[in-house]
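Quick notes on the structure that follows.
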């Protein structure tokens with residue numbers, strides 16, 4: 022099966038790979054520490070890297086898939102095969118095999134569980150940047166096989182050779198991406214209880230049915246160049262770029278800094294470049310038709326100090342407002358206490374006034390009693406005189 026990849030352009034308006042663990046003063050310069058790709062989302066403090074545009078190339082090459090033809094795989098709960106390297110040999114024009122060259126790719130000890138890859142199921146191991154042309158031999162280096170039977174027993178699976186190889190001609194056209202399925206099957210050796218791992222030529226190739234089990238397979242086939250900084254990035258200093266595509270290092274990618282060619286990447290996809298002493302630096306990376314353009318923005322120490330002073334001012338203002346609020350609350354509480362005391366005093370005055378009124382009434386009653394007594398005495402005296 023062949024998939025033709027069209028040339029696409031994606032403009033990204035977000036800031037990526039913009040992180041640093043701190044800003045170290047170097048005169049009037051700021052030295053940000055570049056994050057690893059795993060820390061790409063770290064908050065930026067001293068500089069930012071913006072992806073201005075990315076253009077995917079024709080992406081000539083071979084997507085290398087691994088599958089398992091159902092043989093004795095049902096005996097296994099897990100059968101993990103670790104592959105270190107894959108490759109293709111160019112077809113030779115004559116009988117001399119030396120006419121053809123090898124195209125190889127390290128896959129960093131990728132382990133696949135063949136129990137997940139039964140029948141047409143397949144997983145993409147890597148993408149090999151194979152130039153257009155004809156190929157006739159395909160190989161995969163296997164470093165380890167770990168098998169567990171369905172009853173939990175660990176078994177040794179024999180490899181005829183560390184390199185599994187098949188002869189299966191295919192062609193990569195100009196501007197074409199090809200899916201190649203490399204089928205591996207485990208066979209039971211008679212009644213000995215032993216197992217052997219072998220490639221299956223009849224189930225391998227570019228024209229066999231295949232169902233990818235990779236969720237992100239479509240996202241990883243776009244062929245764009247990913248550019249990361251390795252280590253520190255210093256304005257006016259040197260920085261190392263790492264260029265990858267679909268997770269693999271890109272060799273001989275051309276790097277341009279502010280319209281001046283800085284060099285090409287090595288076998289690890291890396292190149293050390295001089296970073297101009299400027300607020301903004303443009304970096305362009307090209308490999309074939311693929312291109313990624315970055316913009317590096319620096320923040321000077323003076324700007325950082327202004328931001329820090331602004332933060333301190335805001336903090337001081339917040340503190341002052343808090344203190345004023347506390348003073349107002351304290352004054353309000355004091356006013357409430359005074360009102361309470363005044364109310365208490367008024368209550369006491371009213372009680373005193375009531376007591377005084379009661380005393381006056383009592384005295385009046387006593388006087389009335391005395392007057393009654395005097396009247397009685399007068400009446401008694403008058404009777405006696407009569």
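In the numbering used here, the protein residues as written are 22 to 407.
Heads up, the beta-carbon is just placed ideally off N, CA and C, and yes, glycines get one too.
Inter-residue CB distance, residue 266 and residue 298 (contact presumed, cutoff 8 Å): Actually they are not in contact, since the Cβ atoms of residue 266 and residue 298 sit about 31 Å apart, beyond 8 Å.
Would DSSP call residue 287 helix, strand or coil? coil
Taking residue 182 as the reference, which of 112, 162, 270 has the closest Cα? 162
What beta strand (DSSP E) runs, 3 residues minimum, are completely inside the segment 197-238? 197-210, 215-220
For residue 101, which residues of its own chain have a beta-carbon under 6 Å away from its beta-carbon, when the five flanking residues on both sides are left out? 132, 134, 167
Would you verify that the beta carbon of residue 106 is, or is not, closer than 8 Å to some beta carbon of chain D? Absent from the structure: chain D. Only one protein chain is present.
Simplified DSSP state of residue 103, which is helix, strand or coil: strand
Going by the C-beta, is residue 199 closer than 7 Å to any heavy atom of the ligand SAH? Summarising the ligand content, the structure contains no ligands, and the ligand SAH is consequently not present.
Three or more beta-carbon pairs under 8 Å between the segment 311-322 and the segment 245-255, yes or no? yes
To the nearest angstrom, report how far apart residue 195 and residue 153 are at their CA atoms. 5 Å
Local conformation of residue 182 per DSSP, three classes: coil
Drop a sphere of 10 angstroms on the beta-carbon of residue 273, count the other beta-carbons inside from all chains shown, and report buried for 16 or more, exposed for fewer. exposed
In chain order, what residues of the same chain have a beta carbon less than 8 Å from the beta carbon of residue 143, not counting five sequence neighbours either side? 86, 87, 88, 202, 231, 232, 233, 234
DSSP state of residue 135, grouped into three classes? helix
Identify, in the order they occur along the chain, each residue of the same chain with its Cβ nearer than 6 Å to the Cβ of residue 307, setting aside the five sequence neighbours on each side. 275
Let's test the definition: count the other Cβ atoms within 10 Å of the Cβ of residue 260 and tell me whether it reaches 16, buried, or not, exposed. buried
Proximity of residue 208 and residue 93 at Cβ, strictly below 8 Å: yes
In chain order, what residues of the same chain have a beta carbon less than 7 Å from the beta carbon of residue 147, not counting five sequence neighbours either side? 85, 107, 126, 128, 269
Take residue 141 as the anchor and find which of 192, 99, 164, 227 has the nearest alpha-carbon. 227
In the DSSP assignment, find the beta strand (DSSP E) that holds residue 4 and state where it starts and stops. Residue 4 lies beyond the residue range present for the chain, which begins at 22 and ends at 407; the question has no answer from this structure.
Which same chain residues, not among the five before or five after residue 185, have their C-beta less than 7 Å away from its C-beta? 160, 161, 163, 205, 220
Which residues DSSP lists as bridging residue 259, in chain order: 295
By the 10 Å Cβ neighbour count, where 16 or more other Cβ atoms means buried, how is residue 136 classified, buried or exposed? buried
Drop a sphere of 10 angstroms on the beta-carbon of residue 179, count the other beta-carbons inside from all chains shown, and report buried for 16 or more, exposed for fewer. exposed
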